[in-house]
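Colleague:
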Amino acid sequence: MMAMLKLAAHSAWARRLTLGVTLFSIAISTAMLLSVERIRLNARQSFTQSVSGVDLVVGARTGGVQLMLYSVFHVGQATNNIEWTSFAALAGHPAVAWAIPLSLGDSHRGFAVLGTSAEYFPRFRYGDGRWLKFSDGKAFSRVFEAVIGSEVAARLNYRVGDSITLTHGFGNQALTEHADKPFAIVGILEATGTAVDRTVHISLEAMTALHLDWVAGAPVPGLSIPQNYVEKFDLRPKEITAALIGLKSRADVFRMQRFVNEFRGEPLLAVMPGVALDELWQTIGMVERALFAVSALVIVVGLCGLVSTLLAGLNERRRELAILRALGAGPGDVFMMLAIEGVLVTTAGAMLGVAVLYAATHLAAGWLLAQLGVVIAAQWLSPAEFGLLSLVVLTGLLASLVPGWRAWRMSLADGLTPRV
Amino acid sequence: MRLIRTACCIALTLPLFAHSAPAHVHGVAKMDLAVDGNKLTLSMEMPLDNLVGFEHLPKTDKQKAALAEAMASLKNAADLFVPTVAAGCKVDTVDVGDPFPGGKAKADGHADVDADYVFRCAQPAALKGLETKLFKRFGRLHRVDVQRATAAGQGAATLTPEQPGMNW
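From first to last, the protein sequence lines are chains A and B. Quick note: the first sequence uses the working numbering, first residue 3, plus one each step. Quick note: the second sequence uses the working numbering, first residue 1219, plus one each step.
1) Counting only beta-carbon separations shorter than 7 Å, does B:GLN1365 have a partner in chain E?
2) Considering only DSSP beta bridges, list what B:GLU1349 is partnered with.
3) So, at 7 Å on beta carbons, what are the nonlocal neighbours of A:LEU316 in its own chain, with the 5 sequence-adjacent residues on each side left out?
4) I need the DSSP call for B:ARG1220, collapsed to helix, strand or coil.
5) Is any beta-carbon of chain A found at less than 7 Å from that of B:GLN1381?
6) Take the Cβ of A:GLN259 as the centre, count every other Cβ of all protein chains shown within 10 Å, and call the residue buried at 16 or more, exposed below.
7) Answer yes or no: does any C-beta atom of chain A fall closer than 7 Å to that of B:ASP1250?
8) Exposed or buried, which one is A:SER27 when buried takes at least 16 other CB atoms within 10 Å?
9) Quick one: list the residues of chain A neighbouring B:THR1259, beta-carbon separation under 9 Å, in chain order.
10) Would you please verify whether the beta carbon of B:GLY1373 is less than 7 Å from any beta carbon of chain A?
11) State yes or no: is the C-beta of A:VAL309 within less than 7 Å of the C-beta of A:ALA401?
12) How far does the beta strand (DSSP E) with B:GLN1372 in it extend, from its first residue to its last?
13) Going residue by residue through the segment 332-406 of chain A, where are the continuous alpha helix (DSSP H) segments of at least 4 residues, counting only ones entirely within it?
14) Report yes or no: is there a C-beta of chain B within less than 7 Å of the C-beta of A:ARG276?
15) Taking 7 Å as the limit between beta carbons, can you name the residues of its chain near A:VAL164, skipping five residues before and five after?
16) Confirm, please, whether the CB-CB distance from A:ILE102 to A:LEU246 is below 7 Å.
17) For A:HIS12, report the span of its alpha helix (DSSP H) as first-last.
18) Roughly how many angstroms separate the alpha carbons of A:LEU25 and A:VAL358, rounded to a whole number?
19) Within 10 angstroms of the Cβ of A:SER73, are there 16 or more other Cβ atoms? Answer buried if so, exposed if not.
20) Under three-state DSSP, which class holds A:THR285?
21) Write down the C-beta distance between A:LEU237 and A:ALA211 rounded to the nearest angstrom, noting that I regard them as a contact closer than 8 Å.
22) Give me, in chain order, the residues of the same chain whose beta-carbon lies closer than 7 Å to that of B:ALA1284; leave out the 5 immediate sequence neighbours on both sides.
23) Kindly give me the distance between the Cβ atoms of B:LEU1352 and B:LEU1275, rounded to whole angstroms, as I take these residues to be in contact under 8 Å.
24) So which residues of chain B does A:ALA343 contact, with C-beta pairs closer than 8 Å?
25) If you check the beta carbons only, do B:LEU1348 and B:PRO1301 fall under 7 Å apart?
26) Classify A:LEU104: buried if its beta carbon has 16 or more other beta carbons within 10 angstroms, exposed otherwise.
27) Can you check the segment 14-68 of chain A for any alpha helix (DSSP H) of at least 4 residues that lies completely inside it and give the ranges in chain order?
28) Does the beta-carbon distance from B:GLN1372 to A:MET70 come in below 7 Å?
29) Assuming A:VAL38 and A:ALA244 make a contact with CB atoms under 8 Å, what is their CB distance in whole Å?
30) When the distance is taken between beta carbons, is A:ARG111 closer than 7 Å to A:GLU153?
31) Whole angstroms are fine: how far does the CA of A:ALA350 sit from the CA of A:GLU290?
32) Can you list, in chain order, the residues of its chain with a C-beta nearer than 7 Å to that of B:ARG1220? Leave out the 5 residues immediately preceding and following it.
33) From the beta carbon of A:ASP130, is the nearest beta carbon of chain B less than 7 Å away?
34) Just by C-beta distance, which residues in the segment 1254-1284 of chain B are closer than 9 Å to chain A?
35) Just the Cα atoms here: how many angstroms apart are A:LEU393 and A:LEU346?
36) At 9 Å on the CB atoms, spell out the chain B contacts of A:GLU281, in chain order.
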């Protein structure tokens, strides 16, 4: 057996170029299969871990998934705002334990700015009910103070005490910069792996103050209210984008949802975050399965390549195999040699594929986080991934039985009789 | 052409201003499921058509009998829902609404049935799923959209005759 293994290895090395290409194609397809699986799981986890302990998310009437996307993940925009009076009415409902207003729309160098109440920090939870923690500083207590997420701090190199200006909307034009009203960073949050990391938090009052001298989405020419006078104005917000609501009793959630959806004042929508996420995944599930099917097909193509390389090689190796037979190797030994070669190539390919996967996730992790908000954890192979890998190797073994069987059938005389 | 387009635009925005009525889709039922302590609450809402195939006031004796029979089987919670057996849930209260309150049909010609069920469970920690036999009893029902809130969190599920159960 050892001898067969050695022979197979030496023989394979002699044909390293063709086998190398096959090995490479198997490696690429394995890496693709695993990364699709990994991104799928991680994306799902990132989404489901984003918010916890919130019973309802309330916004203007739109799709449930859309409301979740803009209010919790800060992806996309709201079509409408909700009146502050409506929010106050909901917050005062007897079933409601707490309500946190959210106001979105401004940005700071590509990061979303969230106007909220100071209650946000002790109330907001993510993952399995973990609380937000400050790595430095504290929550905002005055108007022109900001709390930034860990990634904002890391990427823009900000510290507590730094001063920043916010941009109206998500443009980059100097005109829409709130340059006259800078904010002082008073707190930096610990990393959460959620949208919070990529958010600049300010108070709702600050949100109003920023837009005091603005009318219809643009600064009024000649009118500029200096920062130190701002606090003399009524800074109570008139409208907000969305609200997070926690209830006293879990069982009240449906009654409260109905109350919000049939709210008299204006058309509102209340979604249960867990329900909206399940719906989102039911939609994305199709795409997931399609991606998975494509990568499975890529593996099949890679293994077909392996079989055809081995089969084509048989012709070249007639003489080699015949000499082996002449030296006393039985047809079973030749069969074994071919099968071992196939398995070796597939295994090496799968291992190289894992290496490619690690390199790729290492390189792409930052981009995925920034562009899609998906956290790709650097983790060792999961049992499910091991299962996929062994499936690949097993299929490789089955596939290499075909050339093995062909070699078995070749007679001893075949390779020794020169054909003209 | 432009007039048509304008008219369409206005028509499309109209539902935004009106107070929206709950969706009324034949063949589909909505179910809210909550588990709080030892109490399992199911609230269903569906078009009457799912149960008897008509939504007007019953006229013939046959229609009256069909309606009475449907209402009776809707009240039989133990036959319609099977929570995890190990949880030992027993029917506590059943409240099935009258599709024609006051003996009158609604002006829009549609009729809905609301049904609320409360189960009490001896081992609420063991309660991990629910199966429904609604599809066997009501052939016109094709889908139940479920929202649930349990100790395990919130979730959505779609029940169909092929997959009449869910776990959480």
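For every residue, glycine included, the Cβ atom is placed at its ideal position computed from N, Cα and C.
Modeller: Taking the coordinates as given:
1) No chain E appears in this structure, whose protein chains are A and B.
2) For the purposes of this step, residue 1349 of chain B is taken as the residue at position 131 of the second sequence. Bridge partners of B:GLU1349: B:VAL1300, B:GLY1383.
3) Along the first sequence, read from residue 1 onward, the residue named residue 316 of chain A stands at position 314. The answer, listed in chain order, is PRO405, ARG408, ALA409.
4) Within the second sequence, numbered from 1, the residue matching residue 1220 of chain B stands at position 2. Here B:ARG1220 scores only 47 on pLDDT, less than 50, and its place in the model should not be relied on; the value that follows carries that caveat. The answer is helix: DSSP assigns B:ARG1220 an H, G or I state.
5) For the purposes of this step, residue 1381 of chain B is taken as the residue at position 163 of the second sequence. Output row for B:GLN1381: interface = no.
6) Start at 1 with the first residue of the first sequence, and residue 259 of chain A comes out as number 257. Under this definition A:GLN259 is a buried residue.
7) Stepping through the second sequence from its first residue, residue 1250 of chain B is reached at position 32. By this cut-off, B:ASP1250 is an interface position.
8) Here residue 27 of chain A corresponds to residue number 25 of the first sequence, with the count starting at 1. The residue is buried, with at least 16 neighbouring Cβ atoms inside 10 Å.
9) As a first step, residue 1259 of chain B is located in the second sequence; it is residue number 41 there, counting from the start. Those within 9 Å of B:THR1259 in chain A are ALA253, PHE256.
10) Translated into positions along the second sequence, residue 1373 of chain B becomes position 155. Yes, because at least one Cβ of chain A sits closer than 7 Å to the Cβ of B:GLY1373.
11) Reading the first sequence from its first residue, position 307 is the one you call residue 309 of chain A. Reading the first sequence from its first residue, position 399 is the one you call residue 401 of chain A. A:VAL309 places its beta carbon less than 7 Å from that of A:ALA401.
12) Position 154 of the second sequence, counted from the start, is the residue given in the question as residue 1372 of chain B. From DSSP, the beta strand (DSSP E) with B:GLN1372 extends over 1371-1377.
13) 333-374
14) Here residue 276 of chain A corresponds to residue number 274 of the first sequence, with the count starting at 1. A small fix is needed here, since residue 276 of chain A is Gly in this sequence, not Arg. It does; some Cβ of chain B falls within 7 Å.
15) Taking the first sequence and counting its residues from 1, one reaches residue 164 of chain A at position 162. A small correction: the amino acid at residue 164 of chain A is Asp; Val does not occupy that position in the sequence shown. Excluding residues within five positions, the ones whose Cβ falls inside 7 Å are ILE187.
16) What you label residue 246 of chain A is simply residue 244 of the first sequence in a count that begins at 1. What you label residue 102 of chain A is simply residue 100 of the first sequence in a count that begins at 1. It is a contact, given that the beta carbons lie within the stated cut-off.
17) On the first sequence, position 10 is the one that residue 12 of chain A refers to. Counting along the chain, the alpha helix (DSSP H) containing A:HIS12 begins and ends at 4-16.
18) Within the first sequence, the letter at position 23 stands for residue 25 of chain A. Within the first sequence, the letter at position 356 stands for residue 358 of chain A. Roughly 13 Å between the two C-alpha positions.
19) What you label residue 73 of chain A is simply residue 71 of the first sequence in a count that begins at 1. Of the other Cβ atoms in all chains shown, 16 or more fall within 10 Å of the Cβ of A:SER73; this residue is therefore buried.
20) If you number the first sequence from 1, residue 285 of chain A lands on position 283. Helix.
21) Counting from one through the first sequence, the residue named residue 237 of chain A turns up at place 235. Counting from one through the first sequence, the residue named residue 211 of chain A turns up at place 209. So it is a contact: roughly 6 Å between Cβ atoms.
22) In the second sequence, residue 1284 of chain B corresponds to position 66, counting from 1. These residues qualify, in order along the chain: VAL1270.
23) By one-based count along the second sequence, residue 1352 of chain B stands at place 134. By one-based count along the second sequence, residue 1275 of chain B stands at place 57. B:LEU1352 to B:LEU1275, Cβ: 24 Å. No contact.
24) Your numbering for residue 343 of chain A matches position 341 in the first sequence. Rather than Ala, the amino acid found at residue 343 of chain A in this sequence is Glu. The premise fails here: A:GLU343 is roughly 46 Å from chain B at the closest Cβ pair, so nothing lies under 8 Å.
25) The residue given as residue 1348 of chain B occupies position 130 in the second sequence. The residue given as residue 1301 of chain B occupies position 83 in the second sequence. Contact: yes.
26) Here residue 104 of chain A corresponds to residue number 102 of the first sequence, with the count starting at 1. Result: buried.
27) 18-50
28) The residue labelled residue 1372 of chain B in the question sits at position 154 within the second sequence. The residue labelled residue 70 of chain A in the question sits at position 68 within the first sequence. Not a contact, by the Cβ cut-off of 7 Å.
29) Numbered from 1 along the first sequence, position 36 holds the residue referred to as residue 38 of chain A. Numbered from 1 along the first sequence, position 242 holds the residue referred to as residue 244 of chain A. Actually they are not in contact, since the Cβ atoms of A:VAL38 and A:ALA244 sit about 33 Å apart, beyond 8 Å.
30) What you label residue 153 of chain A is simply residue 151 of the first sequence in a count that begins at 1. What you label residue 111 of chain A is simply residue 109 of the first sequence in a count that begins at 1. Contact flag unset, no.
31) For the purposes of this step, residue 290 of chain A is taken as residue 288 along the first sequence, with counting starting at 1. For the purposes of this step, residue 350 of chain A is taken as residue 348 along the first sequence, with counting starting at 1. Here the alpha carbons of A:ALA350 and A:GLU290 stand approximately 27 Å from one another.
32) Locating residue 1220 of chain B in the second sequence gives position 2, where the first residue counts as 1. The pLDDT assigned to B:ARG1220 is 47, lower than 50, so where the model puts this residue is not dependable, and the model offers no usable value.
33) On the first sequence, position 128 is the one that residue 130 of chain A refers to. Output row for A:ASP130: interface = no.
34) ASP1254, GLY1255, LYS1257, THR1259, SER1261
35) The count along the first sequence starts at 1 and reaches residue 393 of chain A at position 391. The count along the first sequence starts at 1 and reaches residue 346 of chain A at position 344. Cα to Cα, A:LEU393 sits roughly 14 Å from A:LEU346.
36) Taking the first sequence and counting its residues from 1, the one referred to as residue 281 of chain A is at position 279. Ordered by position in chain B, the residues that pass the 9 Å Cβ test against A:GLU281 are ALA1374.
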